[in-house]
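J.:
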Amino acid sequence: MAELDDYGMPIVPNVPLGPTRPEPGVPAEQGQNKRPKFRGLAKAIEDYTGGDPEKIQELIDEVEKAADKVIERGSPLTRKLVQHTKDAYEEAVNFLSQGSVKDPWTYQAVKDYATRFIELRARVAKGKTGGRVKAETVLGWYSCILVCIVGYTYDPETGFKVGGKLLYKEDLARNLLDHVKEVTKELNLDRHSSKNKKSCGLPEARIMIEYLVRSSPTRGRLRSLQLICVVIICLACGIRPSSLCAGCQEDIDAEKFMIMGDFKLYNRGQFAIDIDMNVDNLKGYNSTVVGRRMNIWLRALSKGHNMIFDTFWIVIYIWARGCLAGYPTIHDLLTTQDAELVITSPNEPFLLAPNRGATKLDNKPWNANGLGRAMSGLAKSCNLHGVTMYSYRRGFANTMSVTRGREETSMAMGHKDGQSVLTVNYSHGAGNIDLLGIMTGEAADQYRPGAESALQMRVRVGVAVMMLSKAIAQSSTINDNLDEDNPDTAADGGDVDVHKADGELEKLDTKISDAWSKYMDSLDRGSALYRAVDPYKKTNVGILKNIKGHKLYLKAAKKPEFVKRMEPVEKELREACEKYRKRTQFLRKKGKIEAEKELEKNKATTNKPSVENTDTALRHVQTSSTLVSEAVKQAPNPHRSNATAGASNAAGPSNVAGPSKSNVSEPTQALDEAHQAIEKLSRDEEEDEDEVRESYRELRRFKQNNLMGAAHLQDVEEAADAPEPPPEGEWKDQDEQEQIPMASTYDIRVFLTRMVLDPILFEREMRAQIEADGGKILCQKCRIYVGEDEEPHNYASLSNLMRHIREKHTEWSELVPQMECGDSFKCPGVCGADQQFDSIEEVYDHCLSDDCPDHEAFRMMHAEHEAQHTKRYEEQSRYRQEGGSASHRMYHHGLYLNYLRALTEDDLLELADEYEIPREEVQPHVGLMLENLHFIATEE
Numbered sequence: 001m002a003e004l005d006d007y008g009m010p011i012v013p014n015v016p017l018g019p020t021r022p023e024p025g026v027p028a029e030q031g032q033n034k035r036p037k038f039r040g041l042a043k044a045i046e047d048y049t050g051g052d053p054e055k056i057q058e059l060i061d062e063v064e065k066a067a068d069k070v071i072e073r074g075s076p077l078t079r080k081l082v083q084h085t086k087d088a089y090e091e092a093v094n095f096l097s098q099g100s101v102k103d104p105w106t107y108q109a110v111k112d113y114a115t116r117f118i119e120l121r122a123r124v125a126k127g128k129t130g131g132r133v134k135a136e137t138v139l140g141w142y143s144c145i146l147v148c149i150v151g152y153t154y155d156p157e158t159g160f161k162v163g164g165k166l167l168y169k170e171d172l173a174r175n176l177l178d179h180v181k182e183v184t185k186e187l188n189l190d191r192h193s194s195k196n197k198k199s200c201g202l203p204e205a206r207i208m209i210e211y212l213v214r215s216s217p218t219r220g221r222l223r224s225l226q227l228i229c230v231v232i233i234c235l236a237c238g239i240r241p242s243s244l245c246a247g248c249q250e251d252i253d254a255e256k257f258m259i260m261g262d263f264k265l266y267n268r269g270q271f272a273i274d275i276d277m278n279v280d281n282l283k284g285y286n287s288t289v290v291g292r293r294m295n296i297w298l299r300a301l302s303k304g305h306n307m308i309f310d311t312f313w314i315v316i317y318i319w320a321r322g323c324l325a326g327y328p329t330i331h332d333l334l335t336t337q338d339a340e341l342v343i344t345s346p347n348e349p350f351l352l353a354p355n356r357g358a359t360k361l362d363n364k365p366w367n368a369n370g371l372g373r374a375m376s377g378l379a380k381s382c383n384l385h386g387v388t389m390y391s392y393r394r395g396f397a398n399t400m401s402v403t404r405g406r407e408e409t410s411m412a413m414g415h416k417d418g419q420s421v422l423t424v425n426y427s428h429g430a431g432n433i434d435l436l437g438i439m440t441g442e443a444a445d446q447y448r449p450g451a452e453s454a455l456q457m458r459v460r461v462g463v464a465v466m467m468l469s470k471a472i473a474q475s476s477t478i479n480d481n482l483d484e485d486n487p488d489t490a491a492d493g494g495d496v497d498v499h500k501a502d503g504e505l506e507k508l509d510t511k512i513s514d515a516w517s518k519y520m521d522s523l524d525r526g527s528a529l530y531r532a533v534d535p536y537k538k539t540n541v542g543i544l545k546n547i548k549g550h551k552l553y554l555k556a557a558k559k560p561e562f563v564k565r566m567e568p569v570e571k572e573l574r575e576a577c578e579k580y581r582k583r584t585q586f587l588r589k590k591g592k593i594e595a596e597k598e599l600e601k602n603k604a605t606t607n608k609p610s611v612e613n614t615d616t617a618l619r620h621v622q623t624s625s626t627l628v629s630e631a632v633k634q635a636p637n638p639h640r641s642n643a644t645a646g647a648s649n650a651a652g653p654s655n656v657a658g659p660s661k662s663n664v665s666e667p668t669q670a671l672d673e674a675h676q677a678i679e680k681l682s683r684d685e686e687e688d689e690d691e692v693r694e695s696y697r698e699l700r701r702f703k704q705n706n707l708m709g710a711a712h713l714q715d716v717e718e719a720a721d722a723p724e725p726p727p728e729g730e731w732k733d734q735d736e737q738e739q740i741p742m743a744s745t746y747d748i749r750v751f752l753t754r755m756v757l758d759p760i761l762f763e764r765e766m767r768a769q770i771e772a773d774g775g776k777i778l779c780q781k782c783r784i785y786v787g788e789d790e791e792p793h794n795y796a797s798l799s800n801l802m803r804h805i806r807e808k809h810t811e812w813s814e815l816v817p818q819m820e821c822g823d824s825f826k827c828p829g830v831c832g833a834d835q836q837f838d839s840i841e842e843v844y845d846h847c848l849s850d851d852c853p854d855h856e857a858f859r860m861m862h863a864e865h866e867a868q869h870t871k872r873y874e875e876q877s878r879y880r881q882e883g884g885s886a887s888h889r890m891y892h893h894g895l896y897l898n899y900l901r902a903l904t905e906d907d908l909l910e911l912a913d914e915y916e917i918p919r920e921e922v923q924p925h926v927g928l929m930l931e932n933l934h935f936i937a938t939e940e
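One point on numbering: in UniProt numbering, the residue at position 529 of the sequence shown is 529, and numbering is uninterrupted.
Following this line, the structure appears as structure tokens:
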């Protein structure tokens, strides 16, 4: 029996014990000859630092710095508003205390002045319309001041933050809210949101897309294509700008923007591409730990009249960006049978920021603010005033709520209350809904009962219809006034000239004149340098560069006293010119705003649209897009003659303006007015854009050295000769039972793809040709006029080359190569070699005479040629009258001096004969005259 201890328990004999757990503080087991073994966090720290004492200290410092950092997870807009509120509060405390409170964020100062700040700001702040602010604005101040109080209020004795204690233990938060309610009631602030928020849909998207295509015939097409993709995505899902682009620079550094890898392209054949789009950066993504992702499926459309909203725009944009490297040519892209189009650069940003001139895209991600401004500017260019990206979000929300209900709408818009465990973890969520089909009316079978009737209720008061009806009314008013020979129309809106009435600008103008006088006096009046630069046009401070580059100035600048004398007067002149520039810029902006207000006021009173104007505008938005109509005309279809008539009635089921059973034929004049109103929106701001476009077309025909995209055009023609598409591509009018033979959707996609990508490929081939020519910009048309060992003129820029082509290579002048016929010249028309002449002038005379059967065509060419040269002559004359540029003056001045140096006695006597002066009177003075002339030329 075992022995018992004092407590009656058996005594266990001593046995060897197994390994015991380490003592607290000992991170791991350690044998006599073994390396320490780490587990858990200790092992992770060991792996991270490698046991290096320096790395361990760096890790400790990094952790402490991160732990002490004040974290602000709000959006960039929230941070901006909080900062504005903080600045406003500090200004209010300084005003109310008359400077007696030195620190506005002490415990007592916040307790005394927080409510007074709300009362003061609500009384003095002005709203957007010039009146008082809205109640929701004051409520926003309340929210921001709470954030400021929590973050900045402290106890001056201890230095501790006491904002939370002041707000909730001492009821300051409730007291502030009571004052917000009371000031709303006392000042009778508007407690409702703005009534002028626009809602957009198909008509507005169509107008924007047409404008983007028409306004970029030669430049900026890739930038326009990018905006077209944004318009289509906004139309399909009402996405926010911050979900497409980064909200701020921090988000750009963190790559929190949509990338090409967020898109997957699935091919259904005939270039019908379905797009699977993932949206990772939903609202509030900075304030959450686990990110939310929304899936959106954009299904390719199947009706021809809807091709302007189709997904192929996004596909060709991705291709133009170089992210579909597996399809090097358009032919490969249009005819591919791959089930999935693999994006080869998935990490590239989806949207890139445009350059300052908005003619190309820079290689850097776009930000949400820039995207929002670009969309607003685009809407303004289309006369859709007040339209923003959120207008499409409101339109999407309205259409989806009517057709699908509240729950699915909330889910499709990415709202938190629309998310559930099912939609987040198990289902595709919004990706199961044909959003683009619902918005365009192709998925009308998914509508709830009565949805189509509900969508028609507000069609007549839509943004696009109202804009078009006003434009038609204005066009009618102008035509009536022109018929009455009344020049005083309100079409221009009355420009407001604020320059003339601005006294400060007059003072600055006088100051600039005085500064120029001082500057010229410092050059020593009467000196050779003064005489050389005195003719310069002194309207721009940039002329100083030419003055300081003059050889006489450079010679004088070698003297220190001259430089010391010129520096202060030059500084004074530059400061005066800069003040004048800023004042002029301010007045120009002010005048533009006032002119726009005056214009809107005049339009509201004089151009009120009638019911007939609204009906015309409504019928216009019901017809097919002009881009689609052009595609139908160009499509390789044997029934093309019926295309135009069918296109105007091919609106099909639409949630904007469906087909009417009582569709009365509209007078041609009214429809023409609607089309003209649309075309006016698409006019480029540059004066010579049409001529530039013609130059590009003419240059594109010249295929030498493959300069103008011959390979591209050949690929498109091959793609157009693809097999016949399935019957689903034919259009079917909702009111007719039989199909109308029209162009297929594939043909329309091919035509629009060619039209949109043509300027992009043209520019790329131009760049490639320039690189092939060693960086020189040569006119390929001029190669036939120079020898084999010579090369055409090297132009400084592409714009100069295009101007040369526009002015020199007209159709009339390009007839010369066609006239060559051995040692003589022939008629370039149908006469051919039957009519031969000794000179080119004789051929031209024959072509313009009635003897030539093609004289009408040649006369038109000659008229265009003369108009171009007349315009050029007028521009040069105006240029010379305005003084021209300093470089041209210096060039002609140099020619004049060379002429003086080369004068001889015989030249002077011949001049005397021309002016009918007897030589015997001139002969005694010729020697002295030559000496003086040569002296002047040498001194200059």
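Where a beta carbon is used, it is the ideal one built from N, C-alpha and C, also for glycine.
Is it a yes or a no for the segment 340-349 touching the segment 307-327, going by three-plus beta-carbon pairs under 8 Å?
T.: yes
J.: What does the alpha-carbon distance come out to for the pair Y327 and I543?
T.: Taking the sequence shown and counting its residues from 1, the one referred to as residue 327 is at position 327. Taking the sequence shown and counting its residues from 1, the one referred to as residue 543 is at position 543. Approximately 51 Å, taken between the alpha carbons.
J.: With 16 as the cutoff for other CB atoms within 10 Å, does Q57 come out buried or exposed?
T.: Residue 57 sits at position 57 when you count from the first residue of the sequence shown. Q57 should be labelled exposed.
J.: Looking at C-alpha atoms only, which residue of R132, T78, G159 is the closest neighbour of C148?
T.: Position 148 of the sequence shown, counted from the first residue, corresponds to residue 148. Of the candidates R132, T78, G159, the one whose C-alpha sits nearest the C-alpha of C148 is T78.
J.: Given a threshold of 16 other Cβ atoms within 10 Å of its Cβ, counted over all protein chains shown, does S797 qualify as buried or as exposed?
T.: Within the sequence shown, the letter at position 797 stands for residue 797. Exposed, since its Cβ has fewer than 16 Cβ neighbours within 10 Å.
J.: Buried or exposed, going by whether 16 or more other CB atoms sit within 10 Å of the CB of L928?
T.: Position 928 of the sequence shown holds residue 928. It is exposed - the Cβ of L928 has fewer than 16 other Cβ atoms within 10 Å.
J.: Drop a sphere of 10 angstroms on the beta-carbon of R174, count the other beta-carbons inside from all chains shown, and report buried for 16 or more, exposed for fewer.
T.: Reading the sequence shown from its first residue, position 174 is the one you call residue 174. With fewer than 16 Cβ atoms within 10 Å of its Cβ, R174 is classed as exposed.
J.: Please report how far the alpha carbon of H869 lies from the alpha carbon of E811, in whole angstroms.
T.: Within the sequence shown, residue 869 is the residue found at index 869, counting from 1. Within the sequence shown, residue 811 is the residue found at index 811, counting from 1. Linking H869 to E811 through their CA atoms gives a straight-line distance of about 13 Å.
J.: What residues in its chain sit with their C-beta under 7 Å from that of A88, if we drop five residues either side in the sequence?
T.: Position 88 of the sequence shown holds residue 88. Excluding sequence neighbours, A88 sits near R121.
J.: Would you report the Cα separation of S527 and P535, rounded to the nearest angstrom?
T.: Here residue 527 corresponds to residue number 527 of the sequence shown, with the count starting at 1. Here residue 535 corresponds to residue number 535 of the sequence shown, with the count starting at 1. One C-alpha to the other measures close to 14 Å.
J.: Pick from H855, V110, A576: whose alpha carbon is nearest that of L170?
T.: Position 170 of the sequence shown, counted from the first residue, corresponds to residue 170. Sequence inspection shows Glu at residue 170; the Leu mentioned does not correspond to that position. Cα-wise, what sits closest to E170 is V110.
J.: Name the residue from I805, N383, T753, A412 whose alpha carbon lies nearest to the alpha carbon of R872.
T.: Mapped onto the sequence shown, residue 872 falls at position 872. When only C-alpha atoms are compared, the closest one is I805.
J.: Among E842, V628, H179, which residue has its Cα nearest to the Cα of M755?
T.: On the sequence shown, residue 755 is found 755 positions in, with the first residue counted as 1. With distances taken between Cα atoms, M755 lies closest to V628.
J.: Under 8 Å by Cβ, that's how I've got S199 and N398 pegged, so tell me the actual separation to the nearest angstrom.
T.: For this step, residue 199 is matched to residue 199 along the sequence shown. For this step, residue 398 is matched to residue 398 along the sequence shown. So it is a contact: roughly 6 Å between Cβ atoms.
J.: Below 7 Å between beta carbons: does that hold for N281 and D262?
T.: Your numbering for residue 281 matches position 281 in the sequence shown. Your numbering for residue 262 matches position 262 in the sequence shown. Not closer than 7 Å, so no.
J.: Please identify the residue among E119, D52, V183, N355 whose C-alpha is closest to the C-alpha of G220.
T.: Residue mapping note: residue 220 aligns to position 220 of the sequence shown, counting from 1. Cα-wise, what sits closest to G220 is N355.
J.: Between the segment 390-407 and the segment 218-237, can you find at least three pairs of beta-carbon atoms closer than 8 Å?
T.: yes
J.: According to the Cβ coordinates, are L187 and C144 closer than 7 Å?
T.: If you number the sequence shown from 1, residue 187 lands on position 187. If you number the sequence shown from 1, residue 144 lands on position 144. Contact: no.
J.: Relative to the C-alpha of L371, which residue among L384, A353, N383 is closest?
T.: Position 371 of the sequence shown, counted from the start, is the residue given in the question as residue 371. The shortest C-alpha separation from L371 is found at A353.
J.: Per DSSP, M277 forms a beta bridge with which residues?
T.: On the sequence shown, residue 277 is found 277 positions in, with the first residue counted as 1. DSSP, once it has assigned bridges, lists F263, I296 as partnering M277.
J.: Once the 5 residues before and after P609 are set aside, which same chain residues still bring their CB inside 6 Å of it?
T.: Position 609 of the sequence shown, counting from 1, holds the residue named residue 609. Taking C-beta separations shorter than 6 Å and ignoring five residues to either side along the sequence, the partners of P609 in its chain run S469, K470, A473, following chain order.
J.: Can you tell me whether S469 is helix, strand or coil according to DSSP?
T.: Along the sequence shown, one-based indexing puts residue 469 at 469. DSSP places S469 in helix when its eight states are reduced to three.
J.: Between which residues of its own chain and residue 1003 is the CB-CB distance below 8 Å, once the five residues before and five after are set aside?
T.: Residue 1003 lies beyond the stretch modelled for the chain, which goes from 1 to 940, so this question has no answer here.
J.: Let me confirm a value: M457 is counted as buried when at least 16 other C-beta atoms fall within 10 Å, else exposed. Which label applies?
T.: For the purposes of this step, residue 457 is taken as residue 457 along the sequence shown, with counting starting at 1. M457 should be labelled exposed.
J.: How many angstroms separate the CA atom of E730 from the CA atom of Y390?
T.: For this step, residue 730 is matched to residue 730 along the sequence shown. For this step, residue 390 is matched to residue 390 along the sequence shown. Note that E730 scores 38 on pLDDT, short of 50, meaning its location in the model is unreliable; the coordinates nonetheless yield the value given after this. Each residue's Cα considered, the two are about 35 Å apart.
J.: For a quick check, are the C-beta atoms of G829 and D851 less than 7 Å apart?
T.: For this step, residue 829 is matched to residue 829 along the sequence shown. For this step, residue 851 is matched to residue 851 along the sequence shown. Contact: no.
J.: Span of the beta strand (DSSP E) holding L361?
T.: Sequence index remark: in the sequence shown, residue 361 carries index 361 (1-based). 361-365 is the extent of the beta strand (DSSP E) around L361.
J.: Hey, could you find the ends of the alpha helix (DSSP H) P817 is sitting in?
T.: For the purposes of this step, residue 817 is taken as residue 817 along the sequence shown, with counting starting at 1. Unbroken alpha helix (DSSP H) run through P817: 816-819.
J.: Taking residue 951 as part of the beta strand (DSSP E), name the residues at either end of that continuous run.
T.: It is not possible to answer for residue 951, since the shown part of the chain is limited to 1 through 940.
J.: For R588, count neighbouring Cβ atoms within 10 angstroms of its own Cβ and tell me buried if that reaches 16, exposed if not.
T.: Mapped onto the sequence shown, residue 588 falls at position 588. Answer is exposed; the Cβ neighbour count stays below 16.
J.: Assuming L244 and F350 make a contact with CB atoms under 8 Å, what is their CB distance in whole Å?
T.: For this step, residue 244 is matched to residue 244 along the sequence shown. For this step, residue 350 is matched to residue 350 along the sequence shown. Indeed they touch by this definition, with Cβ atoms about 7 Å apart.
J.: Of all the beta strand (DSSP E) runs that stay within the bounds of the segment 312-400, which reach a length of 3 or more residues?
T.: 352-354, 361-365
J.: Give, in chain order, every unbroken run of the beta strand (DSSP E) that is at least 3 residues long and sits entirely within the segment 746-830.
T.: 824-826
J.: Taking just the CA atoms, how far does R565 sit from T115?
T.: Within the sequence shown, numbered from 1, the residue matching residue 115 stands at position 115. Within the sequence shown, numbered from 1, the residue matching residue 565 stands at position 565. The straight-line gap from Cα to Cα measures roughly 60 Å.
J.: Straight-line CA distance for L552 to Y530?
T.: Numbered from 1 along the sequence shown, position 552 holds the residue referred to as residue 552. Numbered from 1 along the sequence shown, position 530 holds the residue referred to as residue 530. Taking the straight line from one Cα to the other gives about 9 Å.
J.: Pick out whichever of I936, R132, A205, H925 has its Cα sitting closest to the Cα of R901.
T.: Numbered from 1 along the sequence shown, position 901 holds the residue referred to as residue 901. Each of I936, R132, A205, H925 was checked against the Cα of R901, and the nearest Cα belongs to I936.
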